[in-house]
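Peer 1: Chains Z and L, in that order, are what the protein sequence lines are. Letter by letter, the first sequence follows residues 0 to 225 of numbering that gives the first Met the number 0. Letter by letter, the second sequence follows residues 0 to 225 of numbering that gives the first Met the number 0.
Protein chains: 2
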Amino acid sequence: MENNLSKSDRDTLKAVYRLTKGVDAAHTGALADALGVTPGTATAAVKRLAERDLVEHERYRGVVLTPAGRQAAISAIRRHRIVERFLADMLGYPWNDADRLAGSFEHDLPQEVEDRLFVALDRPTTCPHGFPIPEPDVSDMPEMPPLYALEAGDVAVVAVPGSTEPEIVEFLDTLGLRPGVEVEVKEKHPFDGPLVLTVAGKERTISQKVANHIFVTRSDQQERTA
Amino acid sequence: MENNLSKSDRDTLKAVYRLTKGVDAAHTGALADALGVTPGTATAAVKRLAERDLVEHERYRGVVLTPAGRQAAISAIRRHRIVERFLADMLGYPWNDADRLAGSFEHDLPQEVEDRLFVALDRPTTCPHGFPIPEPDVSDMPEMPPLYALEAGDVAVVAVPGSTEPEIVEFLDTLGLRPGVEVEVKEKHPFDGPLVLTVAGKERTISQKVANHIFVTRSDQQERTA
DNA sequence: TTTGACATTTTGGGGCGTCAAAAGTTAGGT
DNA sequence: ACCTAACTTTTGACGCCCCAAAATGTCAAA
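1. How big is the Cα-Cα spacing for Q110/L and A151/L?
2. Exposed or buried, what is T19/L when buried is set at 16 or more other beta-carbons lying within 10 Å of its beta-carbon?
3. Cβ atoms of A199/Z and G175/Z: under 8 Å apart, would you say?
4. Cα-Cα, which of A75/Z, L12/Z, G102/Z and C126/Z is closest to R47/Z?
5. Helix, strand or coil: how does DSSP classify P135/Z here?
6. Out of K187/Z, I132/Z and V157/Z, which has the shortest C-alpha to C-alpha gap to A72/Z?
7. Taking 8 Å as the limit between beta carbons, can you name the residues of its chain near D23/L, skipping five residues before and five after?
8. Find the nearest neighbour of A101/Z within the set E113/Z, L108/Z, H79/Z and G91/Z, judged by alpha-carbon distance.
9. Is there at least one Cβ from chain L nearer than 8 Å to P109/Z's Cβ?
10. Give the secondary structure of V22/Z by DSSP, where H, G and I count as helix, E and B as strand, and everything else as coil.
11. Would the beta-carbon of P38/L fall within 8 Å of that of A29/L?
12. What's the C-alpha gap between P193/L and F170/L?
13. So, helix, strand or coil for P229/Z, using DSSP?
14. Would you say F104/L lies against chain Z (beta-carbon separation less than 8 Å)?
15. Could one say the Cβ of A75/L lies closer than 8 Å to chain Z's Cβ atoms, at least one of them?
16. Taking any Cβ of chain Z, which residues in the region 111-124 of chain L have a Cβ under 7 Å from it, in chain order?
17. Compare the beta carbon distance of E113/Z and D98/Z with 8 Å and say whether it is the shorter of the two.
18. How about M143/Z and T40/Z: are their beta carbons less than 8 Å apart?
19. Whose C-beta lies closer than 8 Å to the C-beta of Q207/Z among residues of the same chain, with five residues either side of it excluded?
20. Mind checking whether I213/L and P145/L have CB atoms under 8 Å apart?
21. Quick one: does L34/L have its CB under 8 Å from some CB of chain Z?
22. Kindly provide the ranges of any beta strand (DSSP E) runs that are 3 or more residues long and lie completely inside the region 30-77 of chain L, ordered along the chain.
23. Measuring only between beta-carbons, confirm whether Q207/Z sits less than 8 Å from chain L.
24. Helix, strand or coil for M0/Z? Go by DSSP, reduced to three states.
25. List the residues of chain L whose Cβ lies closer than 7 Å to the Cβ of M89/Z, in chain order.
26. Would you identify the three-state DSSP class for V180/Z, choosing helix, strand or coil?
27. Check the Cβ of L100/L against every Cβ in chain Z and list those closer than 8 Å, keeping chain order.
28. If you reduce the DSSP assignment to three classes, tell me which class F130/L lands in.
29. Which residues in the same chain have their Cβ closer than 7 Å to the Cβ of H26/Z, if we skip the five residues on either side of it in sequence?
30. By the 10 Å Cβ neighbour count, where 16 or more other Cβ atoms means buried, how is E105/Z classified, buried or exposed?
31. How long is the line joining the alpha carbons of I76/L and Y92/L, rounded to whole angstroms?
32. Would you tell me roughly how many angstroms separate the C-alpha atoms of P66/Z and K6/Z, rounded to the nearest one?
33. At what residues does the alpha helix (DSSP H) containing E111/Z begin and finish?
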């Protein structure tokens with residue numbers, strides 16, 4: 000288990016992890032877009048990772064993470080989020096800049112520095128966006144579906160304004176959709192229609208597009224089908 | 000003026016800067032040693048830099064920095080020392096670890112993060128070793144000769160225990176050779192012999208080897224030859 | 001002045017990551 | 001069934017950085 004992943008390898012793993020959320024497999028085109036490289040480059044990256052058994056690649060069909068690959072991806076995400084936290088908490092960057100900048104120097108950070116940084120930051124549990132920082136040796140992360148994945152009757156707590164577009168975040172704020180706020184889905188119109196929900200006692204309607212920018216934690220409602 | 004220096008380029012510039020302190024030119028062999036690469040690799044690096052007019056290279060004779068190269072080297076040193084300071088002040092690393100670790104991730108640090116880090120650290124003036132952090136656009140640094148460069152009669156202030164070996168630092172400490180302490184050279188024995196000096200009223204004798212590990216600031220003694 | 005020890009540069013090769021463009025595959029429409 | 005548009009993979013090339021080893025240059029001792 001050679002553990003020397005290059006910058007590209009780690010970025011590719013992160014992208015595959017994100018792209019395979021709720022989907023069968025990530026296609027190389029999407030991967031190339033996510034990484035900002037040409038399709039050929041994405042294919043080459045995938046082949047490198049397949050060689051090391053970090054992904055499984057079915058030609059022309061797509062790619063999925065192996066358990067080892069998933070572990071590596073989560074480590075990479077953990078590092079990314081710790082560095083984001085550093086940029087936000089210690090250097091005062093707003094969270095969208097933190098995201099952008101973290102990617103550029105997280106790669107060569109020695110593991111021991113990451114560990115110390117984590118402690119110095121007081122063991123944060125989320126990145127500045129509000130996404131969880133996974134434990135070092137955990138093989139999956141708490142699920143945070145977009146609000147639009149919920150159905151009528153579901154109750155959840157807003158975890159994060161996940162958008163990278165400041166205007167959207169501001170808009171969400173005016174609706175009261177801030178981290179920690181509980182929402183209940185009243186209605187979900189068909190054919191990708193808008194969502195009607197209750198936020199702090201008030202009824203709100205938001206579009207599918209916006210609802211996909213909000214990530215939530217499902218409130219535990221052991222809803223027994225009885 | 001393409002400003003895209005690679006990791007190797009910057010490390011090479013730093014090494015050339017240090018190696019040309021008080022010498023005509025740095026030879027490739029010394030450079031290779033300093034960088035931990037083979038001689039051929041050092042030659043190649045020098046050729047790359049010469050191509051960009053950052054160094055001047057006289058074949059088989061050695062290499063010197065151009066003004067632009069000196070500027071770039073100082074920027075690299077500035078960054079290194081700021082990162083060291085970060086590791087020491089924010090993460091609690093001892094200074095010898097800070098030195099070791101800084102080199103591994105300083106390269107991809109975006110300039111703007113370096114700038115913010117500098118401010119967040121409260122604009123430090125020295126690295127944890129005590130060496131000065133040069134101003135961003137300065138083309139040389141205050142000189143800090145090793146103690147052994149002084150002659151009998153010279154007076155100086157200890158600026159830094161420059162060694163990377165903890166035992167030596169501890170030894171210096173027992174002699175009272177701490178940063179800020181004033182020393183006067185009483186005698187310098189010939190043929191690389193030991194140095195006799197006064198430290199805080201007491202007379203001390205230290206070997207050439209040790210005296211080369213201590214860096215000092217010369218006390219200004221406009222010694223007119225009259 | 002010659003020669004040999006030593007240092008430097010060149011050559012040839014390899015790994016990685018990237019691109020542009022050619023070749024191959026899939027799937028949908030007719 | 002076929003054809004074609006869209007996508008994926010392969011190919012060939014380049015830049016970077018490194019090494020080992022061969023070729024070249026320097027300098028001083030004999």
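C-beta atoms are modelled at their ideal positions from N, C-alpha and C, and glycine is treated no differently.
Peer 2: Taking the definition as stated:
1. Between the alpha carbons of Q110/L and A151/L lies a distance of about 44 Å.
2. buried
3. Cβ distance < 8 Å, so G175/Z and A199/Z count as in contact.
4. Ranked by how close their Cα comes to the Cα of R47/Z, the residues A75/Z, L12/Z, G102/Z and C126/Z have L12/Z in first place.
5. coil
6. Minimum Cα distance to A72/Z is reached at I132/Z.
7. G61 and V63
8. H79/Z
9. yes
10. coil
11. no
12. C-alpha separation (whole angstroms): 16 Å.
13. No answer is possible for residue 229/Z: it lies beyond the span of chain Z, which begins at 0 and ends at 225.
14. yes
15. no
16. V112, R115, L116 and A119
17. no
18. Against a cut-off of 8 Å, the Cβ pair of T40/Z and M143/Z comes out as no contact.
19. Closer than 8 Å at the Cβ level, and outside the excluded window around Q207/Z, lie Y147, D191, G192, P193 and L194.
20. yes
21. no
22. 54-57 and 61-64
23. no
24. Since pLDDT at M0/Z reaches only 49, below the 50 mark, its modelled position is unreliable, and the value read off the structure follows with that caveat. The answer is coil: DSSP assigns M0/Z none of H, G, I, E or B.
25. M89 and A119
26. coil
27. P109, E111 and V112
28. coil
29. G61
30. buried
31. 19 Å
32. Cα to Cα, P66/Z sits roughly 20 Å from K6/Z.
33. Q110 to A119
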